[in-house]
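To convert, take the position in the sequence shown, counting from 1, and add 270; that gives the numbering used here.
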Amino acid sequence: MAINTEKYKSILAELNSKATLVAVSKTKPIADIMELYDLGQRDFGENYVQEMVDKETALPKDIRWHFIGHLQSNKIKFIAPFVHLIHGVDSLGLLKEISKQGAKINKAIDCLLQVHIAREETKFGFDEPGLSQLFDTVVTGLHDYRNVSINGLMGMASFSDDKDLVRSEFVYLKSLFDSAAQSSFSAKASPKAETFNFHLSILSMGMSGDYSIALEEGSNMVRIGSLIFGERDIC
Ligand SMILES: *Cc1c(COP(=O)(O)O)cnc(C)c1O
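Encoded structure:
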């Protein structure tokens, strides 16, 4: 199946270099990814470890691979050597494991913390107190987290036609992002934090159905799959 080149170009125009496009290629074949690669796309997102590893092996080495799925601790080691950014870190335990795997290969692995902003209970992520607590824990336990870099936040809005609801969820995530970035989380205000890898610059929000709203509300990284690659049979 061919990619939608027109749509891809119109999305890029809409982003206008203000946000990074992560092309979500999960379940899609190598040929489709190469087609997009040949148009200049370099950031690709995958949800499944084995699939991402297979594709990384088969595809050009200058692709930046984003892991956007739910990551299991025992699988971190397979993607650690090459992953560009892990979007969905949703527990302190996972962050610690990522750091452990990073230490083994002498690398600080870039991560985003996933925040639970949707109404649905099935979506993963931290709530506001959990996020604040994580910042405190990480700073006071520096040693355990030396090989991760916390680069920002990621969230998924409710899967809903209610645009006001979706917008309000993005607004909320943006406000958390701003307060985290501006050191209002207590841990971030501690001098110790300066020695640690907090680089809160990425706000990953927006997918095929809601990316325009996300952009209006301050997203600087969108994850778009089906609009470019076509609908998937499975999620
Ligand atoms: C699949 C997926 C996307 C892309 O979804 P589309 O609706 O196809 O754009 C974005 N983010 C995450 C976390 C996903 O799992």
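Even glycine gets a Cβ: it sits at the ideal position worked out from N, Cα and C.
**Prompt:** Nearest-angstrom Cα distance between Leu282 and Glu391?
**Reply:** 32 Å
**Request:** Determine the DSSP secondary structure at Ile483, reduced to helix, strand or coil.
**Result:** helix
**Residues bridged to Val408 [DSSP beta-bridge criterion]** = Beta-bridge pairing links Val408 to no other residue.
**Prompt:** Leaving out the 5 sequence neighbours to the left and right, which residues in its chain are closer than 8 Å to Ile273 when beta-carbon positions are compared?
**Reply:** Asp302, Glu305, Leu306, Ile498, Phe499, Gly500
**Request:** For Ala350, I'd like the list of residues in its chain whose CB is within less than 8 Å of its CB, leaving aside the five on either flank, ordered along the chain.
**Result:** Ile368, Gln371, Gly372, Lys374, Ile375, Lys377, Ile379
**Item:** Cβ neighbours of Gly476 in the same chain (closer than 6 Å, five flanking residues each side left out)
**Value:** Ala484, Ser489, Val492
**Message:** Which of the three DSSP states is assigned to Phe455 in this structure?
**Reply:** Caution applies to Phe455, whose pLDDT of 49 falls short of 50 and renders its modelled position unreliable; the model cannot decide the point.
**Message:** Please identify the residue among Phe440, Tyr318, Leu446 whose C-alpha is closest to the C-alpha of Ser482.
**Reply:** Phe440
**Per DSSP, the bridge partner or partners of Val436** = Paired residues: none, contrary to the question.
**Asked** Three-state secondary structure (DSSP) at Met491?
**Response** strand
**Supposed close pair Leu412, Phe447 - CB separation, criterion 8 Å** = Between Phe447 and Leu412 the Cβ distance is about 23 Å, and since that is not below 8 Å, they are no contact.
**Prompt:** Can you tell me the Cα-Cα spacing of Val409 and Leu470, whole angstroms?
**Reply:** 14 Å
**Prompt:** Looking at the structure shown, is His413 part of a helix, part of a strand, or coil, going by DSSP?
**Reply:** helix
**Message:** I'd like to confirm something about Ile333: is its beta-carbon nearer than 7 Å to some heavy atom of ligand 1, or not?
**Reply:** no
**Asked** Within the present structure, is the beta-carbon of Asn286 separated from the nearest heavy atom of ligand 1 by less than 7 Å?
**Response** no
**Item:** Three-state secondary structure (DSSP) of Ser280
**Value:** helix
**Request:** Alpha carbon to alpha carbon, how far is Gln342 from Ser456? Give it in angstroms, no decimals.
**Result:** At Ser456, the pLDDT of 44 sits below 50, so the modelled position is not reliable; the number obtained from the coordinates is stated separately. Their backbone Cα atoms lie some 29 Å apart in a straight line.
**Request:** Look at the alpha carbon of Ala427 and the alpha carbon of Asp480, and state the distance between them as a whole number of angstroms.
**Result:** 8 Å
**Request:** Just the C-alpha distance for Val359 and Leu329, rounded to the nearest angstrom, thanks.
**Result:** 25 Å
**Request:** Taking only the alpha-carbon atoms, compute the straight-line gap between Gly400 and Val385 and give it to the nearest angstrom.
**Result:** 9 Å
**Request:** Could you please give me the residues that DSSP links to Ala293 through a beta bridge?
**Result:** Phe314, Ile494
**Residue of Ala388, Asp308, Thr297 minimising C-alpha distance to Asp503** = Thr297
**Item:** Cβ-based neighbour list, Val353, same chain, cut-off 6 Å, excluding 5 preceding and 5 following
**Value:** Trp335, Phe337
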